[in-house]
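Protein chains in written order, with the working numbering: chain U, 1 to 495; chain V, 496 to 608.
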C-alpha cells in the first residue's frame with residue numbers, strides 16, 4: 001500500500017485523495033516511513049515536521065470527508081528548500097550563521113502551498129546560501145545522490161532533488177540562481193523547472209543574486225511541474241521584481257498539458273553542445289530524434305556569446321551576493337562572535353565564524369569586482385556581456401519555439417571530486433547559467449542514463465513567460481518515454 | 496573530457512596577491528586566517544584569470560544589462576500598514592535590551608567629555 005502510494009504522481013495522489021480513495025494521512029505516513037528508512041543514508045532533509053504534517057493531513061481528510069472545498073494540492077506531502085522562510089521550524093540556509101534562525105513570517109510560496117492545502121513535511125539541504133553545484137557546501141550535512149551514494153546530488157537544491165527522487169516527498173520547491181534547480185534535477189533523474197524571472201514571488205526567499213534568483217519546482221513528472229506552477233505563480237506586491245498579471249498573464253498550466261505543440265521548431269547550438277560528455281551528447285541526440293519523429297523541425301543556430309556566460313555570471317552573481325550578504329552583521333539576527341574586541345570585530349569575526357569557505361570566497365570575489373578601480377573592468381564588462389547573451393537568445397527565438405541543450409556536461413560527479421577546485425565546480429554550470437542571465441524559463445527532464453546507470457537531463461529553454469508552451473514541449477517527450485518513471489533502487493519502490 | 500574543463504588547468508600569474516586579498520577582506524568585513532588568505536589568493540587568481548575571457552569580446556556598443564525584464568517603478572498610496580511586530584523582530588537578535596538591539600560600545604569612554 002505504502003509503495004503504491006509512493007509511486008503516484010502529485011496529480012494522481014491529489015485526485016485520489018479528493019475522491020476519498022486515499023487518505024492524506026496514509027500519504028504522509030508513507031512519506032515519513034520512507035524518510036525514516038532512507039534519510040540517514042541520503043541526507044536530504046535539514047528538518048522535518050512529522051507531528052505538524054500528520055495533523056495537517058488529518059484536517060484535510062476531515063474536510064474532504066465532510067465535503068468542504070479544498071485546494072489544488074490538498075493532502076499532498078511536499079518539501080521546501082531551507083532558504084525559504086517558514087514561520088515554523090528553522091530557516092538555516094544550511095549555514096552556521098543562521099543555524100538557529102526562526103523566520104518571523106512565511107515566504108510567499110509557503111503561503112501559496114498552505115492555501116493550496118499541501119502538507120509541508122520538511123526543509124531540505126542545500127549548498128550554504130545556495131552557493132554551489134553539489135550540496136557539498138552545506139555547513140550542516142551531506143546529501144548523496146540516491147542513484148549512487150558515492151556521488152553528489154547536484155546543487156544547490158540537492159536536498160530537494162534527492163528527496164523527490166527517493167520518494168521522500170511528492171514534490172519540492174527549489175531556487176535557481178545559475179542552475180540550482182535544473183542541475184540537481186538532471187543529476188537525480190527528476191523534473192526541474194525554473195520559471196521566468198519575476199513569475200514567482202521571491203518574498204521570503206533568502207537572497208543570493210537578486211537579479212538571477214528564481215523559485216521553481218522539483219517533481220516526478222512534467223504534469224506535476226504544471227500543477228505546482230498553478231499554485232506558486234502569481235503577482236506579489238511584496239516583491240518589487242514580481243511581474244504583474246497585466247504585463248504577463250498567468251494561465252492554467254495543467255489545462256492543455258497533453259496538447260502537443262504543432263509545427264514545433266527546436267533550435268540547437270551544435271558547437272556549444274559539443275562540450276558535453278559522449279553519453280550526454282548521445283542522449284541529447286536520441287531526444288532530438290524523438291522530437292523529429294513527433295514532427296518537430298530541428299534548426300541549427302549560432303549563439304556565440306554562450307561560451308562567456310560562466311565568466312559573466314561569476315562576476316554578477318558574486319557582486320550581488322557580496323551586497324546581499326552584508327546583512328549578516330552579528331547584530332540583528334544570526335551568529336555573533338563571543339568576545340569581540342571592538343565593534344568592527346562584531347562584524348568581521350561573526351562573519352568569519354558563521355560563513356563557510358565557498359560563501360567567503362564568493363563574497364571576496366564580488367567585493368573585489370565592485371571595488372574601486374575594478375568596477376568597470378569586471379562588473380560593468382560582465383553586465384554588457386549579459387546583454388549580448390540575451391540578444392543571442394532573442395535572435396534564436398525568432399527562428400524557433402525553444403532551444404534544447406544538455407542540462408550539464410556530465411552526469412553526477414563523485415563526492416569530493418571538485419570541491420578543492422572552485423573553478424572546475426563553476427565550469428560544470430556551463431549549460432544552465434545563461435537562462436538566469438537572460439531571465440528565461442527553462443526545464444530539465446530525464447532523457448536517459450549513462451553507462452553507470454546515472455540519469456541524464458535534457459534542458460529546454462523558451463522565451464520569457466511561455467512556461468505553458470515549455471511544459472507542453474517537455475510533456476511531448478515525457479509521454480513517449482519512460483525515463484521519468486524509473487526510480488533509484490534505494491527508493492525501494494522501483495517499478 | 497569536456498573542453499570547458501581545460502581553462503582551469505592553465506597556470507596564471509597571480510591576479511590578486513595576498514595584500515590585495517587582505518584589503519578586500521577588510522572591505523567585506525571578513526576576518527580571514529593566513530591560510531585562507533593564501534588559498535583565496537591562488538583560487539581567486541585562477542577564477543579572475545578565467546574571467547579575463549570576457550575581454551575577447553568587443554562590448555563598446557553594448558549597454559550594461561543589470562536586469563533582464565522590463566521593470567517599472569510601482570507607486571502606492573502613502574498609507575500606514577502593519578509592520579513586523581517588535582517582539583518578533585527581536586526574537587533572533589544575539590542580544591537585545593528592552594525594545595532595542597544591543598551591541599558593544601562603539602565610542603571609547605571619555606570622562607573629560
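All C-beta atoms in this analysis are idealised placements derived from N, C-alpha and C, irrespective of residue type, glycine included.
- Rounded to whole angstroms, the separation of the alpha carbons of residue 350 (chain U) and residue 598 (chain V) is 13 Å.
- Three or more beta-carbon pairs separated by less than 8 Å are not found between the stretch 294-310 of chain U and the stretch 62-71 of chain U, which leaves the two stretches without contact.
- Remark: C-beta atoms of residue 483 (chain U) and residue 448 (chain U) approach each other more closely than 8 Å.
- Judged by DSSP secondary structure, residue 406 (chain U) falls outside any alpha helix (DSSP H) and instead within the beta strand (DSSP E) spanning 402-406.
- Counting the other CB atoms within 10 Å of its CB gives residue 197 (chain U) a total of 16 or more, which places it among the buried residues.
- Within the stretch 130-158 of chain U, no complete beta strand (DSSP E) segment of 3 residues or longer occurs.
- The C-beta of residue 558 (chain V) comes closer than 8 Å to at least one C-beta of chain U.
- As the crow flies, the alpha-carbon of residue 50 (chain U) is around 7 Å from that of residue 32 (chain U).
- Within the DSSP bridge table, the entry for residue 591 (chain V) names V:596 as partners.
- In this structure, the beta-carbon distance from residue 195 (chain U) to residue 29 (chain U) does not fall below 8 Å.
- Linking residue 469 (chain U) to residue 212 (chain U) through their CA atoms gives a straight-line distance of about 22 Å.
- Going by DSSP, residue 447 (chain U) is part of the beta strand (DSSP E) stretching over 442-449.
- Its chain contains 17, 24, 70, 74, 75, 117 and 119 as the residues whose beta carbon lies nearer than 8 Å to that of residue 60 (chain U), once the 5 sequence neighbours on both sides are disregarded; these appear in chain order.
- Non-local beta-carbon contacts of residue 180 (chain U) in its own chain, meaning distances under 7 Å to residues more than five positions away in sequence, involve 130, 155, 156, 157 and 174 in chain order.
- Following the DSSP letters along the chain, one finds residue 79 (chain U) inside the beta strand (DSSP E) bounded by residues 77-81.
- In this structure, residue 87 (chain U) and residue 100 (chain U) do not form a Cβ contact; the two beta carbons are roughly 15 Å apart against a cut-off of 8 Å.
- Residue 270 (chain U): not part of any beta strand (DSSP E); member of the alpha helix (DSSP H) spanning 270-273, first to last residue.
- Residue 573 (chain V) counts as exposed, since fewer than 16 other C-beta atoms from the protein chains shown sit within 10 angstroms of its C-beta.
- In the displayed model, residue 215 (chain U) falls within a strand according to three-state DSSP.
- The bridge partners DSSP lists for residue 176 (chain U) are U:214.
- Judged by their CB atoms, residue 42 (chain U) and residue 162 (chain U) are nearer to each other than the 8 Å cut-off.
- Under DSSP, residue 328 (chain U) forms no beta bridge with any residue.
- For residue 267 (chain U), the three-state secondary structure derived from DSSP is strand.
- Looking only at V:524, V:552, V:567 and V:584, the smallest Cα-Cα distance to residue 360 (chain U) is reached by V:524.
- Around the CB of residue 416 (chain U), fewer than 16 other CB atoms lie within 10 Å, so the residue is classed as exposed.
- Secondary-structure assignment with DSSP links residue 191 (chain U) through a beta bridge to U:219.
- Note that the C-beta distance between residue 92 (chain U) and residue 164 (chain U) is not below 8 Å.
- By alpha-carbon distance to residue 406 (chain U), the top candidate from U:284, U:39 and U:97 is U:284.
- Looking at the DSSP output, residue 171 (chain U) shares a beta bridge with U:78 and U:219.
- Pairing residue 35 (chain U) with residue 168 (chain U), the inter-Cα distance amounts to about 5 Å.
- Per the DSSP secondary-structure output, residue 45 (chain U) pairs in a beta bridge with U:124.
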